[in-house]
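Quick notes on the structure that follows.
In structure tokens, the structure reads:
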């Protein structure tokens, strides 16, 4: 059934139809064949009821100037019956829109530059992650740590292998035949240059420390823009960055693997003060540790502790030191028993 | 200088008889189908034939959306330019008239949306939805609703604001001229203009949602 008449369409264009009639027309338009009729009447109405009458001569002059102003289409192309390539987004011809898009892309790229340029590995509280890097090197990332790797050209010829670490990680770097450098950058003015070796890096608030297990590494320490200090480490050595003295402190460690015990979910303490243990718990498990009495803070702990669950460590410490450890959601309070 | 404005394009179609759908969507039923040969030999000539024939109606239609003669003529000119330059006429398989009217509507819509929203949002990702394609029935109807809403919104402006708005926008007159003609200060003209635009924005806000939704449904 077809109730759409030309008169109705003309009334429609003039805005003189009811909501029901409008709906009828909308339904009628479902048939694609009716659309040209629709535009015919729209044209007719627009011609009989113009909003204003534009001057064709001036318009055409402008149009011709526009056409001649730019490169005319070659007639040869048309005679060849070349298939016209229709642009995907014809709108993008407008200069300002293209500019806006470019600006948007650039801004987006700038905003997300880190995620675009680097592949990022992140660990949460209490989480360990074992990574295999594209060159075959292995990394164990401790909790609450971030390791970034450039996405592009990491293994390109003659480029050094740069990685960026915040937190703590053990590196087992593969030596490549072209002796290519592997450099761990920390955000604490300390870079570690490697040739093929195994070492542990700690780059946190509480300390910046490198422990070399095997092989050879060279440290580049840049306390300020002008000066750079280098230091070559031998296996078993431990270097700690002293922020106050702005210097690297080298000591020999009898058991360097203790510093990577965390990768087996263990903590190894050698006369370690409780403040430092509190810091470790804070760093690795994301818990806030509060030590109530200053005397308690100086108590020292030795031994190997299983830290698959932080509660195991806490109850062990509680028993060993005869103190009270209470946990309130994400806060842990160490206090004397007799209080 | 008036063009012959009323031409019944289809002699057989009486005003009151139900309209039969065109038998096919092929070009043969378009009165402009004779242009086929001209496109092959002299596309610019063919384009100019269409330009002369439809320019006035297209400008008038565009002005219902943009309410500016200058902007309307720019839009129509741009549509023809693109039509010719990108050889879009080769893709038209229904009627040139329908294609051109729809293209003008797209551009006009694009223009006012940009104009009315640019001050609120810097960039608009919905641009991508405005590309050449067949509109859905609901979209077609929404376009009609849109220019009617604009007309209504302008009609409802306070009299003096409306006068200033039409002189500035539609006639493209300078603020200084308007101030002189209406014996008001330039500052007052500016106030009227910003008032008019903000009232229009308010009145048309519900329309954006509809058109954007309609175009999304199509994808």
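Chains as they are written, first to last, in my numbering: chain A, 2 to 340; chain B, 4 to 222.
Just so it is clear, CB atoms sit at the ideal spot from N, CA and C, and this is done for glycine as well.
- Message: For a test of the three-state rule: what should DSSP assign to residue 113 (chain A), helix, strand or coil?
- Response: coil
- Residues of chain B with CB under 9 angstroms from residue 20 (chain A), in chain order? Within chain B, not a single residue places a beta-carbon under 9 angstroms from that of residue 20 (chain A); the smallest gap is close to 11 angstroms.
- Message: Using the three-state DSSP reduction, which class does residue 257 (chain A) fall into: helix, strand or coil?
- Response: helix
- Item | Per DSSP, cross-strand counterpart(s) of residue 324 (chain A) | A:337
- Message: Just to make sure I have the definition right: I need the residues of chain B whose C-beta is within less than 8 angstroms of the C-beta of residue 30 (chain A). Which are they?
- Response: Counting only Cβ-Cβ distances below 8 angstroms, residue 30 (chain A) has contacts in chain B at 140, 143 and 144, in chain order.
- Item | Local conformation of residue 232 (chain A) per DSSP, three classes | DSSP places residue 232 (chain A) in strand when its eight states are reduced to three.
- Mind pulling the chain B residues with CB within less than 8 angstroms of residue 40 (chain A)? In chain order: 98, 100, 101, 104 and 105.
- Query: Do we get a CB-CB distance below 8 angstroms when we pair residue 112 (chain B) with the residues of chain A?
  - Reply: no
- Query: What do you get for residue 189 (chain B), buried or exposed, if any count of 16 or more other CB atoms within 10 angstroms of its CB means buried?
  - Reply: Looking at its Cβ environment, which holds fewer than 16 other Cβ atoms inside 10 Å, residue 189 (chain B) is exposed.
- Taking just the CA atoms, how far does residue 249 (chain A) sit from residue 228 (chain A)? 13 angstroms
- Query: Where do the ends of the alpha helix (DSSP H) carrying residue 65 (chain A) lie?
  - Reply: 57 to 70
- Message: Below 8 angstroms on the Cβ atoms is my contact criterion, and I expect residue 63 (chain B) with residue 44 (chain A) to pass it. Report the Cβ-Cβ distance as a whole number of Å.
- Response: Going by Cβ atoms, the distance from residue 63 (chain B) to residue 44 (chain A) rounds to 10 angstroms, so no, they are not a contact pair.
- Contact with chain B by residue 55 (chain A), beta-carbon distance below 8 angstroms: yes
- Message: So, at 8 angstroms on beta carbons, what are the nonlocal neighbours of residue 75 (chain A) in its own chain, with the 5 sequence-adjacent residues on each side left out?
- Response: Interpretation of residue 75 (chain A) is limited by its pLDDT of 32, a score under 50 that renders its predicted location unreliable; the figure taken from the coordinates is listed afterwards. No residues qualify anywhere along the chain.
- Item | Helix, strand or coil at residue 195 (chain B) according to DSSP, with G and I counted as helix | helix
- Message: Contact between the region 191 to 211 of chain A and the region 163 to 180 of chain A is defined here as three or more beta-carbon pairs at a separation below 8 angstroms; is this criterion met?
- Response: yes
- Using a Cβ-Cβ cut-off of 8 angstroms (strictly less than) and excluding sequence neighbours within five positions of residue 287 (chain A), which residues of its own chain qualify? 125, 126, 127, 144, 145 and 331
- Message: Quick check on DSSP: helix, strand or coil for residue 93 (chain A)?
- Response: Model confidence at residue 93 (chain A) stands at a pLDDT of 47, short of 50, so the residue's coordinates are unreliable; what they give is reported in the following sentence. Here residue 93 (chain A) sits in helix by DSSP.
- Query: Comparing alpha-carbon positions, which option in A:226, A:217 and A:230 lies nearest residue 238 (chain A)?
  - Reply: A:217
- Quick one: which residues of the region 58 to 75 of chain B get their C-beta closer than 7 angstroms to a C-beta of chain A? List them in chain order. 58, 59, 60, 62, 63, 64, 66, 67 and 72
- Does the distance from the C-beta atom of residue 79 (chain B) to that of residue 91 (chain B) stay below 8 angstroms? For residue 79 (chain B) and residue 91 (chain B), no; Cβs fall outside 8 angstroms.
- Item | Nearest to residue 154 (chain B) (by Cα), restricted to the options B:73, B:193 and B:173 | B:173
- Could you tell me which residues DSSP puts in a beta bridge with residue 289 (chain A)? A:332
- Query: Can we say the region 127 to 138 of chain A touches the region 103 to 111 of chain A, given the rule of at least three CB pairs closer than 8 angstroms?
  - Reply: no
- Message: residue 88 (chain B) and residue 57 (chain B) - do their beta-carbons sit closer together than 8 angstroms?
- Response: no
- Message: So residue 54 (chain B) contacts chain A; which residues on that side make the cut at Cβ distance below 9 angstroms?
- Response: 57, 60, 61 and 64
- Query: Since residue 16 (chain A) meets chain B, which of its residues come closer than 7 angstroms, beta carbon to beta carbon?
  - Reply: 151
- Item | Between the CA atoms of residue 337 (chain A) and residue 189 (chain A) - distance to the nearest angstrom | 36 angstroms
- Check whether the Cβ atoms of residue 149 (chain A) and residue 162 (chain A) lie closer than 8 angstroms to each other. Not closer than 8 angstroms, so no.
- Query: How is the alpha helix (DSSP H) around residue 221 (chain A) delimited, first residue to last?
  - Reply: Where residue 221 (chain A) is concerned, there is no enclosing alpha helix (DSSP H), although the beta strand (DSSP E) it sits in stretches over 218 to 222.
- Message: Under 8 angstroms, CB to CB, which of the residues in the region 76 to 93 of chain B have a partner in chain A?
- Response: 76, 79, 80, 83, 84, 85, 87, 88, 89, 90, 91 and 93
- Query: What do you get for residue 11 (chain B), buried or exposed, if any count of 16 or more other CB atoms within 10 angstroms of its CB means buried?
  - Reply: Confidence is the limiting factor: at residue 11 (chain B) the pLDDT is only 38, short of 50, which leaves the residue's position unreliable, though a coordinate-based value still follows. A residue is called buried once 16 or more other Cβ atoms fall within 10 Å of its Cβ, and residue 11 (chain B), having fewer, is exposed.
- Looking at the structure shown, is residue 227 (chain A) part of a helix, part of a strand, or coil, going by DSSP? coil
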